[in-house]
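Visitor:
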Amino acid sequence: MPAPTGDRSKLARELWLRVETLHAVTYFGPETQAAAADVGLDRFWVSYFALRAAPLGPVGPGPVEATFANFAPAFVRRWVPACWDLTTCDAARSARARGAASTLRAAATGIEAAAIATADHLDRAIAAADPMARPLFAANRDLALPDDPVAALWQRCTTLREHRGDGHVAALAAAGLTGLEAHVLIAAERGTDPGDLQRTRGWTAADWDAATGSLAERGLVEAGSLTSAGRAVRADVEATTDRLASTPLAAWSDDEAADVLAALDPAARAVSAASIIRYPNPIGLPPLA
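Its first residue numbered -8, the sequence shown is counted upward by one per residue in the working numbering.
#1: Determine contact between the stretch 139 to 154 and the stretch 98 to 114, defined as no fewer than three beta-carbon pairs at a distance below 8 Å.
#2: Please report the Cβ distance between Leu279 and Arg260, rounded to the nearest whole angstrom; I am assuming they are in contact, meaning their Cβ atoms lie under 8 Å.
#3: Check Val228 in the structure and name its three-state DSSP category.
#4: Please state the DSSP three-state secondary structure of Val212.
#5: To the nearest angstrom, how far is the alpha carbon of Asp121 from that of Pro239?
#6: Distance, Cα to Cα, Ser237 vs Ala124?
#7: Is the beta carbon of Pro52 less than 8 Å from the beta carbon of Trp75?
#8: Since Asn131 and Pro46 are thought to touch, with beta carbons under 8 Å apart, how far apart are those beta carbons, to the nearest angstrom?
#9: What span of residues does the alpha helix (DSSP H) with Asn131 cover, start to end?
#10: Going by C-alpha distance, which of Asp233, Leu32, Ser216, Leu163 is nearest Ala60?
#11: Comparing C-alpha positions only, which one of Leu127, Asp133, Ala26 sits nearest to Ser93?
#12: Taking 7 Å as the limit between beta carbons, can you name the residues of its chain near Gly20, skipping five residues before and five after?
#13: Can you find the residues in the same chain that come closer than 7 Å, C-beta to C-beta, to Trp70, ignoring five residues on each side of it along the sequence?
#14: If we count Cβ pairs, one from each stretch, closer than 8 Å, do we get three or more for the stretch 142 to 161 versus the stretch 208 to 220?
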């Protein structure tokens, strides 16, 4: 296999845009909510926490708060560990794969071909990834892949997505940011109403104001906007996230990397255009242009 060339950070971001789009149907697709309801998870947030945490096992709120990293602790405790009284981890894992595969098939006619074409490449990238300090990645990596190729593609995308997410959490911690402070910086950078992030992550207006005050004291925000120092912190976090996410991609040659992007791109664009994922959204995923 020809050796890969150059910095793979740009590739990591291009891959993320496609992998995250395919993964995100689990949050927005009605098929996942129906599959979750079939196993006892009939409300959105109880299903969200159970389905995403299921690879970790029936954990308490502490590991979820630490690994998901951006939810208010009290909000996590509303749903965890109560979700495990409603279903099992095995049932939750099966439901999320089944629901996501159903959404992907409905949205992207070429999804099965993409799943088959990318299986070996994605498996090699996952195998090449270092699991150190990446609990959600490692837990997903250790799951048996579904027999259904589209469900297996979704799981592979999810595993790589969580690898990037674990690295992003590490980048935030290294920058001295809490999950809430990261939200405040993003809202200030984009000029968006913080209400959506407060509502979907369980933070109160008082929490938000306190975090904003802390960031202002550090010279990162002023009058609701990022300062030059704040912009530098945001840029560094994103660059570090891309760099950390790029390490598994050394398993591919340049041609293989191009092949993976080419195979995933039509399916991801079909999902992005299908009015499944709402834009803007609290996971920070932009539409594929």
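Just so it is clear, CB atoms sit at the ideal spot from N, CA and C, and this is done for glycine as well. Quantities reported herein were computed from a predicted structural model and do not represent experimental measurements.
Guide: The relevant details are as follows:
#1: yes
#2: 5 Å
#3: helix
#4: strand
#5: 8 Å
#6: 16 Å
#7: no
#8: 5 Å
#9: 126 to 132
#10: Leu163
#11: Ala26
#12: Gly90, Ala91, Thr94, Ile267
#13: Trp36, Val37, Phe40
#14: no
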